[in-house]
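Q: Residue numbers (our numbering), protein chains in the order written: chain A, 1 to 568; chain B, 1 to 568. Supplied in structure tokens, the structure appears directly below.
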């Protein structure tokens, strides 16, 4: 049996429900998207009373399985106007499991001028405490205040000052193993949804006593070891262990899909200044608190995270990941890792998504508000976000709104969500994935890039994107880290065996994939009911009219092809 | 035969076409909306190459019929994402007629970095001249430069600095009889569409030699006199002659629908400080260039326009109209006509719509950026628009975008267009009209307020709104001023007789209304094809959840009722 804590933020009524269906067993996006689809009226205002927010851990939460403890946060997105699942690492999933929880639901909303609340979940009760002591503070300070008040071991979920102002790129921050809320469910503006309910933090106390039970403990132990072995042997995930996701800089530069100069180019001269080796060397050289390898959750055999230190070896930002290095680096023609890490830190403190804000700054630079390559100006723009100035609010509204307000037509987004770190004209597989995602442009959704024979051709890319949509979504579907997918992409048995050993429930490959596809179907249906037309699944017209100089390519994917890639 | 000048702004190709159908005969919105519907792909980007802009004068353009010389400007709106017809007074319609033109079309768009162009239309040719001398200048200065270069008698169409930056509330300014581009097709952001084509002005020279011809000159003369008589005898239009539209302040205050404090109230204490009598007395007292009565076009028997002078009797703004007095006055709790006129002047100079910017400032005040009632802060916000600062750009993006960026949920708009000066909770007829307009919230579309027995009840309001949708749209349909409608609302014969006398073409009441209804149908169809879902025709949820204090009313109109009011 899996428990849901249903919290009405207007009446403060708290109800506990239990469920035993397979969607609750799997948790993750399987559950969050079904709950959104079922309980949120598709045509409601994302920041209104009718939206709900669902926090779901996954099938292996609380166990010793590597990389299995992400939480999926679901709701209607104020950024895209559609359904959203955004997931994060950290320790919240584990703390939920220790409280015997699969899902926490925030419903309804108090009046506009209600004061901030913290929802504190412990083994004995759920309390609402006044949250005004956190108001207006950055996420780092919020983390400290929460750690002091509730212990660094509590699982904390909080939002930044940007979310408090309902800004569209604001994420939800979850505590890492050190008690710092630095693990972001960053995309889609779910932080603003949480803020609209006047909940400034959720604390899951470390007093939970529920231990995982196993139908077949030995089988489970063995299966768990197998996952570690698979992860260590896999060439992709093991590369991430050494270099983190920064390894993608060189790969993308070589493939001419490194977003550069507000997505007008796919190659940046001097990209080696921000590549994985430079980052690795910098961290090693500076020493101190720097770590080239770091786990966002325990246990994890990949440890793709890092701790990037400043010149004195003090923690500047953790983690600094490829997507941020591209969107806040090459996309702005910045060639300085310290600048990128500083921007990333400010984004984390303000509580905004680094991709969407990086894309917005690119648009602002195109509008002439600063020069591309100007490190100081870029950091200053992040400070504007942190300080919630008018310009900061424009940038923290994401690149679609920024482009509207700043009068820029070349805006890298689909459904309002900023395009991730792979130039779509240079990779038609990624373009297809961005276009057909129910979440707006999203790279984790169907990551084709490593498997495209000819990235610039659209031939076969409907099928390829769909293949990887399933492969990627399988991980979200049960709360696993997306990087596990490389080890199980051709054979899900190791994970399905773990489910069997833990719960005694047999889910076949086919049944599992059917559930994954059903999730996609429900998500697309929600968006359609929300009034998102098929032709919103396009890039701005500039991507179809202007060639990317390095490849000579435009986006040439038709609405019909996109529709095929959305058909399940 | 009616001529269209088809101008390709990318290739600079100019073609002249002639047509003889009744849609060209009527011109106005009948023509502009048909052309948009036929030639603009509904799903295109409003600021992209595929949008076109149509300038259509009307059936009586160039004749001596009172109030008959408005031009309808049509295109896809960047503000609403739907079809737009926005019309303006002034002398452009006449100049077009004198050049033998019914329609000017701007098609396609040059590359993003092309320089500004002025399109100069004379009797012998169409020229493109470099328009950089106008770039960045306010509309008043642009007017002077255009007058100097081409004579104050030329018919000029220009845009402000806000439009040059593609801002969503930027209008298109047309010259008045004094050579000042102060007559605005203000709504829907068509100024940005013109800017996207890199056309900073269109000049229709005063060398046109086409004179109106009449099948029945005596009948026409007589019919024309009859219109003047009707206008002078009509109680509503004759009231406008004395007081202008400002007469609405007291009416709306009495009906509790005067937008106050970001549309949270419908009554403003001290409203008499900005009412018609105060305005009339102020203008009379100050003398100088002030005029309580003024014609935006010749001839006009209504003369609802005015010239509002500053303390020294110098022209401050012309005209100052009720909608602006409410949106930039009571809506911001401002009780000072000088402040309102100053804001209005800055808006005209920046080239933005006063309603949409007033609504956006209301949202900004609700967000806490300034206090309601702070005259200086309100003027400062307009200066921010004029100076194109980040805050100014937010405000000039209209209240929907401003609300997104500033984190405000109570935003008075439908389809992104700001709600005009009648609180919808206090007048269910106006609410119905706002909701069911294909243009976004629009008061000229179906002005029920004077004919609602019980404004707070929604009973019968579908039918009432539809009745006035037709009555209002008839005027747009042939380029007449909307205020003529009071004189012909029960009997269109006087206008149809003029058509017959001029062209020898008989259009029956029924045929005319069928064409009006067909226009509405086409407009709704365009919006539907553009992906605007039925449920976009709603106010923000706050209008349904929170009562207006003075009437105790919420918006209670259902989607079904709105759909009925959109059914033709």
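Heads up, the beta-carbon is just placed ideally off N, CA and C, and yes, glycines get one too.
Whose Cβ in chain B lies nearer than 8 Å to the Cβ of residue 394 of chain A?
A: Under the 8 Å cutoff, chain B gives 390, 393, 394 and 405.
Q: Give the single residue among B:67, B:190 and B:108 whose Cα lies nearest to the Cα of residue 304 of chain B.
A: It is B:67 whose Cα lies nearest to the Cα of residue 304 of chain B.
Q: Give the interface partners of residue 563 of chain A over in chain B, defined as CB-CB distance under 7 Å, in chain order.
A: Within chain B, no residue comes near residue 563 of chain A; the closest Cβ sits about 14 Å away, beyond 7 Å.
Q: Can you grab the Cα-Cα spacing for the pair residue 122 of chain B / residue 205 of chain B, in whole Å?
A: Taking the straight line from one Cα to the other gives about 5 Å.
Q: If contact is defined by three or more beta carbon pairs under 8 Å, each pair taking one atom from either stretch, is the stretch 343-362 of chain A in contact with the stretch 309-328 of chain A?
A: Yes, since at least three Cβ pairs between the stretch 309-328 of chain A and the stretch 343-362 of chain A fall closer than 8 Å, the two stretches touch.
Q: Could you name the residues of chain B that residue 298 of chain A contacts, counting a contact when the two beta carbons are closer than 8 Å?
A: Per Cβ cutoff of 8 Å: no residues; residue 298 of chain A is ~36 Å from chain B at best.
Q: Report the residues of the stretch 20-51 of chain B with a CB closer than 8 Å to any CB of chain A, ordered along the chain.
A: From the stretch 20-51 of chain B, only 43, 44, 45, 47, 48, 49 and 50 have a Cβ closer than 8 Å to chain A.
Q: Give the straight-line distance between the Cα atoms of residue 365 of chain A and residue 166 of chain A, rounded to the nearest whole angstrom.
A: Roughly 24 Å separates the two Cα atoms.
Q: DSSP state of residue 47 of chain A, grouped into three classes?
A: Residue 47 of chain A: coil per DSSP, three-state reduction.
Q: Consider the Cβ of residue 535 of chain B: report whether some Cβ of chain A lies at a distance smaller than 7 Å.
A: True, the Cβ-Cβ gap to chain A drops below 7 Å.
Q: Would you call the stretch 462-470 of chain B and the stretch 494-504 of chain B touching, i.e. three or more CB-CB distances under 8 Å?
A: As far as the Cβ criterion goes, the stretch 462-470 of chain B does not touch the stretch 494-504 of chain B, which means the pair count is below three.
Q: Taking only three categories from DSSP, how would you classify residue 573 of chain A?
A: Residue coverage of chain A in this structure runs from 1 to 568, which leaves residue 573 of chain A outside it and unanswerable.
Q: Between residue 183 of chain B and chain A, is the shortest Cβ-Cβ distance under 7 Å, so that the two count as touching?
A: With 7 Å as the cut-off, residue 183 of chain B does not count as an interface residue toward chain A.
Q: Can you check whether the CB of residue 47 of chain B is closer than 7 Å to the CB of residue 416 of chain B?
A: No, the Cβ-Cβ distance between residue 416 of chain B and residue 47 of chain B is not below 7 Å.
Q: Output needed in chain order: residues of the stretch 431-459 of chain A with a Cβ under 8 Å from some Cβ in chain B.
A: Listed by position, the residues of the stretch 431-459 of chain A near chain B (Cβ gap below 8 Å) amount to none.
Q: Any beta-carbon of chain A closer than 7 Å to the one on residue 409 of chain B?
A: Yes, residue 409 of chain B counts as interfacial toward chain A.
Q: Could you please give me the residues that DSSP links to residue 565 of chain B through a beta bridge?
A: BP columns for residue 565 of chain B are empty, so no partner.
Q: Taking Cβ positions, are residue 246 of chain A and residue 276 of chain A nearer each other than 7 Å?
A: The answer is yes: Cβ separation under 7 Å.
Q: Using only the alpha-carbon positions, how far apart do residue 53 of chain A and residue 537 of chain A sit?
A: Whole-angstrom Cα-Cα distance: 25 Å.
Q: Buried or exposed: where does residue 15 of chain A fall if 16 or more other Cβ atoms within 10 Å of its Cβ makes it buried?
A: Exposed.
Q: Provide the residue span of the beta strand (DSSP E) that contains residue 167 of chain B, from first to last.
A: Per DSSP, residue 167 of chain B belongs to no beta strand (DSSP E) and is neither H nor E.
Q: Please name the residue in A:382, A:531 and A:398 whose C-alpha comes closest to that of residue 169 of chain A.
A: Comparing Cα positions, the closest option is A:398.
Q: Whole angstroms are fine: how far does the CA of residue 254 of chain B sit from the CA of residue 241 of chain B?
A: Looking at the two C-alpha atoms, the distance is approximately 21 Å.
Q: Helix, strand or coil, according to DSSP, for residue 214 of chain A in the structure here?
A: Coil at residue 214 of chain A, not helix or strand.
Q: Residue 155 of chain B to residue 492 of chain B, Cα distance in whole Å?
A: Roughly 30 Å between the two C-alpha positions.
Q: Are there 16 or more other CB atoms within 10 angstroms of the CB of residue 382 of chain B, so buried, or fewer, so exposed?
A: Buried, because 16 or more other Cβ atoms sit within 10 Å of the Cβ of residue 382 of chain B.
Q: Anything in the stretch 510-536 of chain B with a Cβ closer than 7 Å to a Cβ of chain A? List those residues in chain order, please.
A: For the stretch 510-536 of chain B, which is checked against every Cβ of chain A, the residues closer than 7 Å are 531, 533, 535 and 536.
Q: What are the residues in the stretch 101-114 of chain B lying within 8 Å of chain A by C-beta distance?
A: Residues passing the 8 Å Cβ filter: 112.
Q: With a cut-off of 7 Å, does the C-beta of residue 147 of chain B fall near any C-beta of chain A?
A: Not closer than 7 Å to any Cβ of chain A, the Cβ of residue 147 of chain B fails to qualify, so no.
Q: Applying a beta-carbon distance threshold of less than 9 Å, which residues of chain B neighbour residue 199 of chain A?
A: Going along chain B, no residue has its Cβ under 9 Å from residue 199 of chain A, so there is no contact; the nearest lies around 16 Å.
Q: Would you say residue 462 of chain B and residue 162 of chain B are within 7 Å of each other, going by their C-beta atoms?
A: Their beta carbons are not under 7 Å apart, which means residue 462 of chain B does not touch residue 162 of chain B by this criterion.
Q: Does residue 541 of chain A come within less than 7 Å of chain B when only Cβ atoms are used?
A: Judged by the 7 Å Cβ criterion, residue 541 of chain A is in contact with chain B.
Q: How would you list, in chain order, the residues of chain A whose beta-carbon sits under 9 Å from the beta-carbon of residue 134 of chain B?
A: Chain A residues near residue 134 of chain B: none, gap ~17 Å exceeds 9 Å.
Q: Closer than 8 Å between beta carbons: that is the criterion. Which residues of the stretch 187-213 of chain B meet it against chain A?
A: So the list reads 192 and 196, given in the order they occur along the chain.
Q: Do three or more CB pairs link the stretch 177-189 of chain A to the stretch 101-112 of chain A at distances below 8 Å?
A: Taking 8 Å as the limit for Cβ pairs, the verdict is that the stretch 101-112 of chain A does not touch the stretch 177-189 of chain A.
Q: From A:390, A:414, A:450 and A:411, pick the residue whose C-alpha is nearest to that of residue 407 of chain B; which is it?
A: Here the closest residue by C-alpha is A:390.
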